[in-house]
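The sequence shown lines up with residues 0 to 385 when you count with numbering that gives the first Met the number 0.
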Amino acid sequence: MIPYGRQDISEDDIRAVVEVLRSPFLTQGPAVERFEAALAEVVGAQHVVAVANGTASLHLAALALDLGPGDRLWTVPNTYVATANAALYCGAEADFVDIHPRTLDIDVEALARKLEVAEREGTLPKVVAPVHFSGRAYPTQAVHELSKRYGFRIVEDAAHAIGTLDGDTPIGACEHSDVVSFSFHPVKLITTGEGGALSTNDDALADRLRRLRSHGVTRDPAHMVHEPEGAWYFELVELGLNYRLTDLQAALGTSQLARLETFVARRNELAARYDELLADLPLERPAPIENGRSAFHLYVVQVPHGVDRAALFANLREAGVGVQVHFIPVHLHPLYRKKGFAPGDFPVSEAYYERALTLPLFAAMTDDEQDRVVEQLSLQLAGARA
Ligand SMILES: *Cc1c(COP(=O)(O)O)cnc(C)c1O
Numbered sequence: 000m001i002p003y004g005r006q007d008i009s010e011d012d013i014r015a016v017v018e019v020l021r022s023p024f025l026t027q028g029p030a031v032e033r034f035e036a037a038l039a040e041v042v043g044a045q046h047v048v049a050v051a052n053g054t055a056s057l058h059l060a061a062l063a064l065d066l067g068p069g070d071r072l073w074t075v076p077n078t079y080v081a082t083a084n085a086a087l088y089c090g091a092e093a094d095f096v097d098i099h100p101r102t103l104d105i106d107v108e109a110l111a112r113k114l115e116v117a118e119r120e121g122t123l124p125k126v127v128a129p130v131h132f133s134g135r136a137y138p139t140q141a142v143h144e145l146s147k148r149y150g151f152r153i154v155e156d157a158a159h160a161i162g163t164l165d166g167d168t169p170i171g172a173c174e175h176s177d178v179v180s181f182s183f184h185p186v187k188l189i190t191t192g193e194g195g196a197l198s199t200n201d202d203a204l205a206d207r208l209r210r211l212r213s214h215g216v217t218r219d220p221a222h223m224v225h226e227p228e229g230a231w232y233f234e235l236v237e238l239g240l241n242y243r244l245t246d247l248q249a250a251l252g253t254s255q256l257a258r259l260e261t262f263v264a265r266r267n268e269l270a271a272r273y274d275e276l277l278a279d280l281p282l283e284r285p286a287p288i289e290n291g292r293s294a295f296h297l298y299v300v301q302v303p304h305g306v307d308r309a310a311l312f313a314n315l316r317e318a319g320v321g322v323q324v325h326f327i328p329v330h331l332h333p334l335y336r337k338k339g340f341a342p343g344d345f346p347v348s349e350a351y352y353e354r355a356l357t358l359p360l361f362a363a364m365t366d367d368e369q370d371r372v373v374e375q376l377s378l379q380l381a382g383a384r385a
C-alpha cells in the first residue's frame, strides 16, 4: 500500500537518537534546548517551547491565553478534533467558523459576520484558532485585523505548516498572531515520533508556556511567592501538566529539521506533478498558492458531484493506493452534536467533506509511486462514471 503520508528516517536521524541514549539526559534536557533554538531560527520567532505532541501544544496555548469556563474558542470544522478539544480541556466552549470553498481554510467574511453577531449578543470569542489546512497559509493578516477590532487572541494551528511561507514570512514567526502551534506526528512534515512545539514573540507568554508544560512549577525566584528555602526549592504556582518532550525525541527533531527544506521542496515538486498529471481528470485540485509557499502536508482533491466517494476510496485502497479523508467536520462528531451542533450548521465544510479525497504525498515518495496513484485514480474514476 502506498500510504497517504509517511516519515523519512535517515541514518543521521538514528545516530542522533542513539547518541542521546548514551548521554546523561533522556527526557527534557540539552537536546530539547537545541531543538527549540533550531526551530526558533527556522520559523523566525523569539521563543520556542517544545511539548509532548500537537494536542498538548494547542491545550497549553489555550491555557496560557487564560481560556477558561465561560470563554469561547472558535476554529474551523475542517480540522482535526484536537483544535476544538483544546477549548473543552480548559472548560471553555468551542464554536466554529465555516471554510472558504476554494482555499478550504477559514472564510474571513464568515468570521467577520459571526463576530458582528457575537458582539451584539455578548458572545465574542476570547481565542480564534484558524488552521493552515494542508500547509496553505490562511489569510493571517485579515484575521489579525479583525482581532484588533474585536479583541480576541490568535493561536495558529500550524500542524500542517512548518516550512510554509506566508508571503516571505515563515509560519511560526507570529507576525499576525500570539502563538503558533506545531505537530511532529510521523505523518506530518518532520517528526519526533510524538511531539509538538509552540512559537511566540511574547516573553511573558513563553515563560507561562514553559511553566505550564512542567506541572506549573517554577524554579525562578522572580516568579516565587516565598523566599527560596534552599537549592532544592521550587514552587507550584498554578496548575499545569507534564507535557515535556524527551531528549530522544528532540534529537530526532533537530536532525529532521535540518532536512525540512529538502522535504518541502520534494513535496512541492510532487504537488506540481500531480497538478500536471491530473489536469485532464474531472477533479477539483488544490487552489494555486498566490503569495508564498505551501509546505504541502496534504494534497487534497474533490471528486466530481455524483461520484460515490466511499466506493472510490474503497477501490483505491483495494488497488494499493492509501488515500485518506481530511477532515470529518468536527461539529458532526457525536461529542459535538451532544453540545448542540447539527448537520447544516457549516454547509461549506460539510459539502467539501462529502467530496474530499487526500492523495498520497510524502517526501520519500517516488515518481513511480505517484504514477501508480494517478493511473489507479484515472481507472477508478472512469469506472465510477461509466
Ligand atoms: C495532527 C494535528 C493536530 C494534533 O497533533 P498531534 O501531534 O497528533 O497531537 C492538531 N491539529 C491539526 C490540524 C492536525 O492535523
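Heads up, the beta-carbon is just placed ideally off N, CA and C, and yes, glycines get one too.
Check, Outcome
"Measuring straight from C-alpha to C-alpha, what distance separates Ala-182 and Trp-73?", "At residue 182 the sequence reads Ser, which differs from the Ala that was named. Each residue's Cα considered, the two are about 20 Å apart."
"For my contact list, Val-50 and Leu-38 are in at a C-beta cut-off of 8 Å; report their separation, rounded to the angstrom.", "Not a contact, Cβ separation roughly 12 Å."
"Taking 8 Å as the threshold (C-beta atoms), are Asn-77 and Tyr-351 in contact?", "yes"
"Using beta-carbon positions only, say whether Arg-212 and Tyr-242 come within less than 8 Å of one another.", "yes"
"Do Phe-34 and Gly-171 have their C-beta atoms within less than 8 Å of each other?", "no"
"Need the endpoints of the beta strand (DSSP E) that Tyr-298 sits in, please.", "298 to 301"
"Using the three-state DSSP reduction, which class does Gly-343 fall into: helix, strand or coil?", "coil"
"DSSP three-state label for Thr-253, please.", "helix"
"If you reduce the DSSP assignment to three classes, tell me which class Gln-6 lands in.", "coil"
"Measuring only the C-alpha atoms, how far is Arg-266 from Met-223?", "48 Å"
"Rounding to the nearest angstrom, what Cα-Cα distance links Gly-281 and Thr-122 in this structure?", "What sits at residue 281 in the sequence shown is Pro, not Gly. Rounded to the nearest angstrom, the two C-alpha atoms are 43 Å apart."
"Since Arg-292 sits in a beta bridge, which residues does DSSP pair it with?", "Leu-164"
"By how many angstroms is the C-alpha of Arg-354 removed from the C-alpha of Val-19?", "45 Å"
"Rounded to the nearest angstrom, what separates Val-42 and Asp-165 at their Cα positions?", "11 Å"
"Just how far apart, CA to CA, sit Leu-66 and Val-96?", "18 Å"
"Using C-beta distances below 8 Å, list every residue in its chain close to Pro-342, excluding the 5 sequence neighbours before and after it, in chain order.", "Leu-331, Glu-349"
"Comparing C-alpha positions only, which one of Ala-249, Gln-27, His-159, Ala-61 sits nearest to Leu-394?", "Any question about residue 394 goes unanswered here, given that the chain covers just 0 to 385."
"What are the start and end residues of the beta strand (DSSP E) that includes His-46?", "46 to 50"
"Expressed to the nearest angstrom, what Euclidean distance is found between the alpha-carbon atoms of Leu-269 and Pro-285?", "13 Å"
"Threshold first: 3 residues or longer. Then list the beta strand (DSSP E) segments lying entirely within the segment 138 to 223, N to C.", "152 to 156, 178 to 182, 195 to 199"
"Our contact map puts Ala-383 next to Leu-311 with C-beta atoms below 8 Å; I'd like the distance itself, whole angstroms only.", "6 Å"
"Less than 8 Å between the beta carbons of Phe-151 and Pro-124, yes or no?", "yes"
"Mind reading off the beta-carbon distance from Val-329 to Leu-356? Whole number of angstroms is fine, and I expect it under 8 Å.", "Contact flag wrong, Cβ pair sits at about 19 Å."
"Would you kindly report the start and end of the unbroken alpha helix (DSSP H) that includes Leu-87?", "80 to 88"
"Report the three-state DSSP secondary structure of Arg-336 (helix, strand or coil).", "helix"
"Could you spell out where the beta strand (DSSP E) holding Asp-94 opens and where it closes?", "92 to 95"
"Tell me whether Lys-113 is buried or exposed, calling it buried when 16 or more other Cβ atoms sit within 10 Å of its Cβ.", "buried"
"DSSP beta-bridge partners for Asn-386?", "Summary: the structure shown does not reach residue 386, with the chain confined to residues 0 through 385, and so no result is reported for it."
"Checking 8 Å against the spacing of the C-beta atoms, do Gln-301 and Glu-283 come in under that value?", "yes"
"Taking Val-47 as the reference, give the member of Val-116, Ala-93, Ile-161 with the closest Cα.", "Ile-161"
"Within the same chain, show all residues whose beta-carbon is closer than 8 Å to that of Met-0, passing over the 5 residues directly before and after it, in chain order.", "Arg-316, Gly-319, Val-320, Gly-321"
"Could you check which residue in Leu-188, Asp-366, Cys-173 has the C-alpha nearest to that of Ile-8?", "Leu-188"
"According to DSSP, is Leu-331 helix, strand or coil?", "helix"
"Which first and last residues belong to the alpha helix (DSSP H) in which Arg-71 is found?", "First-last for Arg-71: 71 to 74, but that is the beta strand (DSSP E), not the alpha helix (DSSP H)."
"Is it buried or exposed for Pro-169, if we count other Cβ within 10 angstroms and need 16 for buried?", "buried"
"Does the distance between the C-beta of Val-48 and the nearest non-hydrogen atom of ligand 1 fall short of 7 Å?", "no"
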